[in-house]
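Asks: Protein chains in written order, with the numbering used here: chain A, 800 to 1397; chain B, 170 to 321.
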Amino acid sequence: MSSGASQGGAPTRSVSLPAKVLLVSVLVGGAVWWIVNMLWCPLDVSDIFNQSLDDLLREKARQQRVGLSQHILLHRQTVNFLAASAAIREYMEGPDWKDTPAADVDFLDRPPKWLPEMAGLNLPLKPRYLMVLNSRGEIKEVYQARPDPFPAQFFHLPQELVENSHDRVVLTILKGGAFLCASESIKGERGEVLGSLMLFSPVDDEFFRMSNGEASEWNLIVLLDGETQKVVASNQPKWIPKGMLLGDLEQIFQVAGMAAKIDGSEVYGLQIVSLVQQKATASLSEMLQKKERINSVIQAFLYMVPLLVIVLWLTRRITNLTRQIEIDTDELVGPGELQAHQGDQLKVLEQRIKSIINGLKTRTSQLETVNRELDNITYAVSHDLRAPLRSIDGFSQALEEDSMTALDEDGRDYLRRVRKATQRLESLIDSLLNLSRINRQELRIEPVNLSHCAKEVIDNLRQSEPERTVNVMIADGVVAQGDPQLLHVVMTNLLENAWKFSAKRVDSKIEFGAVDRKDLRSEILTDKHVYFLRDNGVGFDMSFAEQMFGPFQRLHRTEEFPGVGIGLATVQRIIQRHGGRIWAEGEIDRGATFYFYF
Amino acid sequence: MQIKTVLLVEDNQDDELLTIRAFRKNRITNEVAVVRDGAEALDYLHGTGDFSGKEPPPLPECVLLDLNLPKVSGLQVLKKIREHSRTKLLPVIVLTSSKEERDLVESYKLGANSYIRKPVDFEQFIEAVRQLGLYWLVLNESPIKDDQAEQE
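(1) Assign A:I1373 to buried or exposed, taking buried as 16 or more other Cβ atoms, counted over all protein chains shown, within 10 Å of its Cβ.
(2) Any beta-carbon of chain A closer than 9 Å to the one on B:V289?
(3) Find the residues of chain B that neighbour A:D1192, judging by a C-beta separation of less than 7 Å, and give them in chain order.
(4) Would you please verify whether the beta carbon of A:E1167 is less than 9 Å from any beta carbon of chain B?
(5) What distance in whole Å lies between the Cβ atoms of A:A981 and A:V878, which are believed to be in contact at a cut-off of 8 Å?
(6) Can you give the Cα-Cα distance for A:N836 and A:R1092, rounded to whole angstroms?
(7) I want to check one thing, is the minimum distance from the CB of A:T1291 to the heavy atoms of the ligand PLP below 8 Å?
(8) What is the rounded straight-line gap between the Cα of A:T1159 and the Cα of A:L1214?
(9) Specify the secondary structure class of B:V232 as computed by DSSP and reduced to three states.
(10) Label A:H955 either buried or exposed according to how many other C-beta atoms from any shown protein chain fall within 10 Å of its C-beta, with 16 as the threshold for buried.
(11) Determine the DSSP secondary structure at B:I262, reduced to helix, strand or coil.
(12) Determine contact between the stretch 990-1005 of chain A and the stretch 870-884 of chain A, defined as no fewer than three beta-carbon pairs at a distance below 8 Å.
(13) Just reading off the alpha helix (DSSP H) that A:Y928 is part of, what are its end residues?
(14) Just grab the DSSP bridge partners of A:P1001 for me.
(15) Pull up the distance between the alpha-carbon of A:G990 and that of A:L856, whole angstroms please.
(16) Could you check if B:D184 is buried or exposed, using at least 16 other CB atoms within 10 Å of its CB as the buried criterion?
(17) Can you tell me the Cβ-Cβ gap for A:E983 and A:A882, rounded? I've got them flagged as a contact below 8 Å.
(18) Over the uninterrupted alpha helix (DSSP H) stretch that includes B:Y304, give me the two end residues.
(19) Between B:D316 and chain A, is the shortest Cβ-Cβ distance under 9 Å, so that the two count as touching?
(20) Check the Cβ-Cβ distances between A:A818 and every residue of chain B, and say whether any is below 9 Å.
(21) If you check the beta carbons only, do A:L1354 and A:F1393 fall under 9 Å apart?
(22) Report the CB separation of B:V261 from B:A191 in whole angstroms; it is logged as a contact under 8 Å.
(23) Take the Cβ of A:I1039 as the centre, count every other Cβ of all protein chains shown within 10 Å, and call the residue buried at 16 or more, exposed below.
(24) Verify whether the separation of the beta carbon atoms of A:P817 and A:R1122 is less than 9 Å.
(25) Just curious, the beta strand (DSSP E) that A:L907 is in, first and last residue?
(26) Judging by CA-CA distance, which residue of B:T265, B:I295, B:V232, B:I189 is the nearest neighbour of B:W305?
(27) Where does A:R754 sit, in a helix, a strand or coil, going by DSSP?
(28) Is the Cβ-Cβ distance between A:L1249 and A:Y1330 less than 9 Å?
(29) Closer than 9 Å by beta-carbon distance: list the chain B residues that pair up with A:A1197, in chain order.
(30) Considering A:M1341, what are the terminal residues of the beta strand (DSSP E) in which it resides?
(31) Distance check for A:E1167 and A:N1119, CA to CA, integer angstroms please.
(32) Would you tell me roughly how many angstroms separate the C-alpha atoms of B:S283 and A:A1383, rounded to the nearest one?
(33) Starting from A:T1221, find everything on chain B with Cβ-Cβ shorter than 7 Å and list it in chain order.
(34) Give a yes or no on whether the minimum CB-CB distance between B:E269 and chain A is below 9 Å.
(35) Specify the secondary structure class of A:F1360 as computed by DSSP and reduced to three states.
(36) For A:A1279, which residues in the same chain have their Cβ closer than 8 Å to its Cβ, ignoring the five residues on either side in sequence?
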């Protein structure tokens, strides 16, 4: 196989994490939504739906009845207006009024004198039939606005209707037709009753049209004969012909309300029924349910969108993290341990972490072994390397002492060189041991007064070279957190260096303190205190600034300035162990400044 | 008064020679008995093995003990010396190349009376041996001496 991925085992191809999470969220979310919808919502929704439909229908029916009663009120207002007019009073008191006992009726086909000009009057409605009755209740004059055949049943009004016809509106049935009858007394100047005015309106298409505007297809009102339960009139005669039975109506329509009375009128022998087409109910119901379903889908979607966004965001973060970890840990993970997980980042992550842990375990045990070996080597160096040196030195001296005469001056010089080399090798070994000890020694962190420390070192140096005059300035109260023993080593090494490298100047100067933050160069930003040690000694070339901290790195010849070149390396190691940094600035013959923080 | 012996436990013949030379340079005239490893040292002290006789030999004035020894290590020897009632009070001076703190601490823990690091510089070594001899062989009152004086 040429594929590199196959080396570590079978390549596992899987869907990428975001796709997987998205798919699962949508599927699970959808399923939960569907189940909830199936089990719980329909009952609830249909209940709510039925209730709201019912409320809707009742409200529609009520509005229709209000419309009807307002129309009835218009009839009443019209008749009141006419009966109270001066024209009709004057007419009935005048000579034209013939209140003869005979049963003759005047049929008028043009507006009578007592009826003011229609056009000039703002009558609430145009009356269809108007009748004037005398004080005994007999019809004397009839006026009809249109040339329709006069309904003969008007002459056979039920007695109770005539008797009770004053000041009232009656809705009644007369010979198969429904009529509205409104009447009002006509009174003379002294208040005596001269007769009465009656207004008739057949309850027909026009009546309904006037009463309630357009009737919608699922919004019907029907007047039923109270006795026969047959339709007398309706606002939709196309669908509901006269004579239809209530039972038949109920096949097609749903009864939304029934009333035996209407506000503002008395109803005789009629039932008023509000109807709704069943088909309309069904379609309405369907429409509502569809709307409800769409709503719930939209709702579910709206709920899911933020969730999905969060999920996507999280998976993206995981993906990015995984990618970063993959890049960062490529070196840590052996090629044999890598399996090519192409898709799912979580699996990649898991795999990575396992590999890293394995790698770390291996490395830790390797390091432990190496550390043990180093320890043993250090021990051996400390003990075994020293023994032969001692022999060399010891026997060289023995030779020098015992066989002095056998050696010439050259021979004695050689022996001295041997001993000198031995001693130098010893100090190298010691330095190395010290350096390795710094790495192994456990840190004991406590406040350390660096000022005290510096003064102590300087005092020792002054004692060792009392002939030197060095101007030493040590800032007071410089206290740092660190290992006292190791920090003492730092101060000792740095001050000894300063002392040593400024020896050739007459006006040697050494200064120690904490750096003012303002003076720090911007690239060395740290929130810790930065300390400095400055001398005006031989200085150094800045191109060696990094190099001088390496073990056994020396910038000067041994004859010039003695030393093994381990001091700065030790200092750097100690400061690094404290999590800090040291660097140097200087110029040849202009002195050096060491900055450090930890 | 009989001049007491000093027991030198040292496997390195050079070091042995140099130590004895240092003794002589400092005019320390005590007899120096030398054994080459830890086992031999214990045999010498208890009169066992190569050193078996009718009576256990007199104990030395003090023991100069190297740590890095074949067979039985110096620290083991020290431990055995302190365990045994006969040698419990014997002054033991650890004389070693090791500068390791663990050796130092362990030696004192096991009851070493002194811990002296052999310097490489022979002059320093002579000085160290001089002080050692002055202290342990001249100034110090050994409990062993008292015991044997009582016996006599």
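The C-beta atom is built at its ideal place from N, Cα and C for all residues, glycine as well.
Replies: Quick answer:
(1) buried
(2) yes
(3) V289, D290, F291
(4) no
(5) 4 Å
(6) 9 Å
(7) The model depicted lacks the ligand PLP and carries no ligand whatsoever.
(8) Sequence check: residue 1159 of chain A is Leu here, not Thr. One C-alpha to the other measures close to 53 Å.
(9) strand
(10) exposed
(11) strand
(12) yes
(13) Taken as a continuous stretch (DSSP letters only), A:Y928 belongs to no alpha helix (DSSP H), being part of the beta strand (DSSP E) at 928-933.
(14) A:F978
(15) 48 Å
(16) buried
(17) 4 Å
(18) No alpha helix (DSSP H) contains B:Y304, which DSSP labels as neither H nor E.
(19) Summary for B:D316: the model assigns pLDDT 48, below 50, so the residue's position carries little reliability; its value from the coordinates is reported in the next sentence. Output row for B:D316: interface = no.
(20) no
(21) no
(22) 19 Å between Cβ atoms; not a contact.
(23) buried
(24) no
(25) 905-907
(26) B:V232
(27) The first residue shown for chain A is 800 and the last is 1397, placing residue 754 of chain A beyond what the model contains.
(28) yes
(29) L186, L187, R190, F291
(30) From DSSP, A:M1341 is part of no beta strand (DSSP E); its letter is neither H nor E.
(31) 34 Å
(32) 44 Å
(33) V289
(34) yes
(35) coil
(36) P1246, V1247, L1249, L1286, H1328, Y1330, F1397
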